Amino acid sequence: MQGEEQVTQGEEQRYTQGEEQVTQGEEQVTQREEQVTQGGEQVAQGEQQPYMQGEEQITQGEEQEPQGEDLVTQGEEQITQGEDQRYTQGEEQVTQGEEQVTQGEEPRYTQGEEQVTQGEEQVTQGEEQVRHEEEQRFMQGEEQVKQGEEQVTQGEEQVTQGEEQVTQGEEQRCMQGWKQVIQGGEQRDM
1 MQGEEQVTQG EEQRYTQGEE QVTQGEEQVT QREEQVTQGG EQVAQGEQQP
51 YMQGEEQITQ GEEQEPQGED LVTQGEEQIT QGEDQRYTQG EEQVTQGEEQ
101 VTQGEEPRYT QGEEQVTQGE EQVTQGEEQV RHEEEQRFMQ GEEQVKQGEE
151 QVTQGEEQVT QGEEQVTQGE EQRCMQGWKQ VIQGGEQRDM
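Quick note: the sequence shown uses the UniProt record's numbering, first residue 1, plus one each step.
What follows is the structure, given as structure tokens:
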């Protein structure tokens, strides 16, 4: 009788221990599945977050590009305005000088000859001023055009950096997420 009781107790004890081990194994499977799920969520978050940051940089770069183009346009307009304005002023001085020449030629005495000389000198000064002001305004306008083009280039570089960051972020987060998925799957199989 004692032998049969011991057999019965041994079977119950082993059965109970076996049931507990089954329960523990199922809990471990559940934990591994949760890890796999978390890994998948991390992949999705990793893809979304750098993509959004990169998109923002692209947007900023594209917004900066029109500003640079506006500066180029302003510089070109200033060149044109400077040339028109200084040319007109110089032409007026040339006209005044020629009128003085005419006035100076009419009298037949020395004072008239002196006026002719003064008028010719004023014509020369007017022409020099036209040339000088054209050169000065052209240089200023060229600098503005250059600055505008540099800003356009910076905007394009920022767009490129943003796109590269999107690509790198997608690759990096995808690799990390997949590693977790693989680790979770291996642990579950074990």
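The beta carbon of each residue, even a glycine, is placed where N, CA and C say it ideally should be. For clarity, every value in this text was computed on a predicted model and none was experimentally measured.
{"Query": "Rounded separation between E69 and Q165 - CA only", "Result": "25 Å"}
{"Query": "Contact set for V123: own chain, Cβ-Cβ below 6 Å, skip 5 residues either direction", "Result": "V94 and G97"}
{"Query": "Own chain partners of residue 221 with C-beta closer than 7 Å, once the 5 adjacent residues on each side are dropped", "Result": "What the structure shows of the chain is the stretch from 1 to 190, and residue 221 is not part of that stretch, so it cannot be assessed."}
{"Query": "Integer-rounded CB distance, given that Q60 should sit under 8 Å from Q147", "Result": "Not confirmed; about 19 Å, so no contact."}
{"Query": "Among E170, Q180, R173 and V145, the one whose alpha carbon lies nearest that of T73", "Result": "V145"}
{"Query": "Buried versus exposed call for G3 [16 or more other C-beta atoms within 10 Å across all chains shown]", "Result": "exposed"}
{"Query": "Meets three-Cβ-pair contact criterion under 8 Å: the stretch 15-22 and the stretch 128-147", "Result": "no"}
{"Query": "Own chain residues within Cβ distance below 8 Å of G40, not counting five before or after", "Result": "G177 and V181"}
{"Query": "Integer Cβ distance of Q151 from Q42, believed to fall under 8 Å", "Result": "The Cβ separation is near 39 Å, so there is no contact."}
{"Query": "Residues near Q78 by beta carbon distance below 6 Å, same chain, minus five either side", "Result": "G141"}
{"Query": "Candidates E135, Q154, I58 and E56: closest to Q81 by CA position", "Result": "E135"}
{"Query": "Per-residue burial, G25 [other beta carbons within 10 Å of its own, 16 or more giving buried]", "Result": "exposed"}
{"Query": "Nearest to E55 (by Cα), restricted to the options E83, C174, M175 and T160", "Result": "T160"}
{"Query": "Contacting residues, own chain, Cβ-Cβ under 8 Å from Y87 (five flanking each side not counted)", "Result": "V130 and E134"}
{"Query": "Status (buried if at least 16 other CB within 10 Å, exposed otherwise) for R14", "Result": "exposed"}
{"Query": "8 Å Cβ cutoff met for R188 and E27", "Result": "no"}
{"Query": "Beta-carbon spacing of E62, G155 below 8 Å", "Result": "yes"}
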